[in-house]
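These notes concern the structure reproduced below.
Residue numbers (our numbering), protein chains in the order written: chain A, 1 to 217; chain B, 1001 to 1217.
So, in structure tokens, the structure goes:
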């Protein structure tokens, strides 16, 4: 089982590293990081970089492909090289997946047409632009496409992926191995649960810092 | 608020990236990745690397220091340069923290003597070697030292750190920003909760692949 994680400049690191940690814990499973051009890809905050050993030109198949989010995936929405690559990879995958706004890139590649899908809650409605039906769930499966909600949801998605492809015992072993027994300090992890003033505060900070989100308001 | 995350060859990426994503989301907070020598540090699986922009020789203070886990931190347990650095940084921190087996490195630096602390469940008892009292909790605070359990627990720890230093509203906003509303597929994230045969399976795979863990059995 070989998973290709597409990374790029200004990605959100946890979107990629959450699922990577889960998938690479399965004995015999391989994960590789692939970027438009190989080499270090700076994260959105700029504090570090994740290294891609291979460029998209060097990888033509994968059992699973995963696209993370981050402001750096906006330019990919009309990058024909990347979108063609995704379509080519998708033709041979067992599962095609995304975390956070990675689903918008799958959408731009035409892979979500007529499908139920999710994304980071701030961007979920934009899935309609690609013919998808936005769903307010943490992990959404439609055929072989699995999309996950914002940032941290990739851990839940990847564990479900392991359950699906390798069985519940292995998924439980991986969950125990990464000691995933979450204790979030607040019940504030989704816009349905967080206090309204917190939701509005996050929405307005996001709109200010993200021109693309601001434009849709 | 400046956090220094110590990274190294063969680290467990999620140990570092979980807290990084939380702490870098706080407006005005800065995170930097520091390694014994600057440059890319391969993760334990080898699939990618995290880049440290600075070496320990270039960083002499931080408000928060965080040490992640991974098999690559074993050589640090008797690396005087790293241990001296940690003691020096700790002298000026507001909080000194670890995720997973990072607590063993804090212990080796003498920073856990007489303190309650935690680690990945497989390694927790080894904290006694450093004069600490192991505690089976996800996040353990004792004075200014906060230690977290295995791998994924760094997210919970970092959110508590934000609550402590910046208040509950900001912590909730960050939790909502990274959409941390976990839905683990199984209730198997700790040895107390997972089925016994799963615990034994993980324990024996770990002992086989980790000479250091095997030696203590």
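Beta carbons: idealized from backbone N, C-alpha and C, even for Gly.
May I have the straight-line CA-CA distance separating residue i from residue j, to the nearest angstrom?
{"i": "residue 1010 of chain B", "j": "residue 1070 of chain B", "result": "6 Å"}
{"i": "residue 1090 of chain B", "j": "residue 60 of chain A", "result": "48 Å"}
{"i": "residue 188 of chain A", "j": "residue 163 of chain A", "result": "27 Å"}
{"i": "residue 161 of chain A", "j": "residue 1182 of chain B", "result": "16 Å"}
{"i": "residue 1015 of chain B", "j": "residue 1088 of chain B", "result": "23 Å"}
{"i": "residue 192 of chain A", "j": "residue 1110 of chain B", "result": "45 Å"}
{"i": "residue 202 of chain A", "j": "residue 165 of chain A", "result": "36 Å"}
{"i": "residue 180 of chain A", "j": "residue 85 of chain A", "result": "33 Å"}
{"i": "residue 1149 of chain B", "j": "residue 1067 of chain B", "result": "12 Å"}
{"i": "residue 205 of chain A", "j": "residue 1007 of chain B", "result": "30 Å"}
{"i": "residue 1012 of chain B", "j": "residue 1207 of chain B", "result": "17 Å"}
{"i": "residue 1112 of chain B", "j": "residue 1141 of chain B", "result": "11 Å"}
{"i": "residue 217 of chain A", "j": "residue 153 of chain A", "result": "Confidence in residue 217 of chain A is poor, its pLDDT being 39 and thus under 50, which makes the residue's placement too unreliable to answer from."}
{"i": "residue 225 of chain A", "j": "residue 1047 of chain B", "result": "Residue 225 of chain A is absent from the structure shown; chain A starts at 1 and stops at 217."}
{"i": "residue 120 of chain A", "j": "residue 1080 of chain B", "result": "44 Å"}
{"i": "residue 23 of chain A", "j": "residue 1114 of chain B", "result": "38 Å"}
{"i": "residue 1145 of chain B", "j": "residue 1178 of chain B", "result": "25 Å"}
{"i": "residue 1075 of chain B", "j": "residue 49 of chain A", "result": "24 Å"}
{"i": "residue 167 of chain A", "j": "residue 64 of chain A", "result": "16 Å"}
{"i": "residue 1137 of chain B", "j": "residue 78 of chain A", "result": "47 Å"}
{"i": "residue 1018 of chain B", "j": "residue 1056 of chain B", "result": "22 Å"}
{"i": "residue 1125 of chain B", "j": "residue 1135 of chain B", "result": "9 Å"}
{"i": "residue 1053 of chain B", "j": "residue 1020 of chain B", "result": "15 Å"}
{"i": "residue 51 of chain A", "j": "residue 130 of chain A", "result": "30 Å"}
{"i": "residue 1147 of chain B", "j": "residue 127 of chain A", "result": "40 Å"}
{"i": "residue 1190 of chain B", "j": "residue 1151 of chain B", "result": "12 Å"}
Determine which residues share a DSSP beta bridge with residue i and list them.
{"i": "residue 41 of chain A", "result": "A/50"}
{"i": "residue 31 of chain A", "result": "A/3"}
{"i": "residue 55 of chain A", "result": "A/35"}
{"i": "residue 1011 of chain B", "result": "B/1043"}
Take residue i as the anchor and find which of the options has the nearest alpha-carbon.
{"i": "residue 200 of chain A", "options": "B/1061, B/1173, B/1003 and B/1152", "result": "B/1173"}
{"i": "residue 58 of chain A", "options": "A/37, A/44, A/50 and A/47", "result": "A/37"}
{"i": "residue 197 of chain A", "options": "B/1120, B/1068, B/1193 and B/1169", "result": "B/1169"}
{"i": "residue 108 of chain A", "options": "A/92, A/202 and A/82", "result": "A/82"}
{"i": "residue 1028 of chain B", "options": "B/1043, B/1019, B/1002 and B/1041", "result": "B/1002"}
{"i": "residue 132 of chain A", "options": "A/118, A/184, A/185 and A/34", "result": "A/118"}
{"i": "residue 93 of chain A", "options": "A/73, A/62 and A/115", "result": "A/62"}
{"i": "residue 1171 of chain B", "options": "A/17, A/195 and A/167", "result": "A/195"}
{"i": "residue 175 of chain A", "options": "A/4, A/25 and A/5", "result": "A/25"}
{"i": "residue 5 of chain A", "options": "A/31, A/18 and A/21", "result": "A/31"}
{"i": "residue 1209 of chain B", "options": "B/1056, B/1126 and B/1122", "result": "B/1122"}
{"i": "residue 1102 of chain B", "options": "B/1128, B/1116, B/1020 and B/1072", "result": "B/1072"}
{"i": "residue 1143 of chain B", "options": "B/1127, B/1116, B/1052 and B/1186", "result": "B/1116"}
{"i": "residue 1185 of chain B", "options": "A/186, A/128, A/139 and A/127", "result": "A/139"}
Problem - Start-end ranges of the beta strand (DSSP E) lying completely within the segment 110-190 of chain A, minimum 3 residues - result: 139-142 and 145-148
Practice task
Determine, using beta-carbon pairs with one atom in the segment 1085-1105 of chain B and one in the segment 1147-1157 of chain B, whether at least three such pairs fall under 8 Å.
Solution key: yes
Practice task
Count the C-beta pairs between the segment 1103-1118 of chain B and the segment 1040-1048 of chain B that are closer than 8 Å, then say yes if the count reaches three, no if not.
Solution key: no
Exercise for the section: At 3 residues or longer, and completely inside the segment 57-103 of chain A: list those beta strand (DSSP E) runs for me, N to C. Expected result: 64-67 and 95-99
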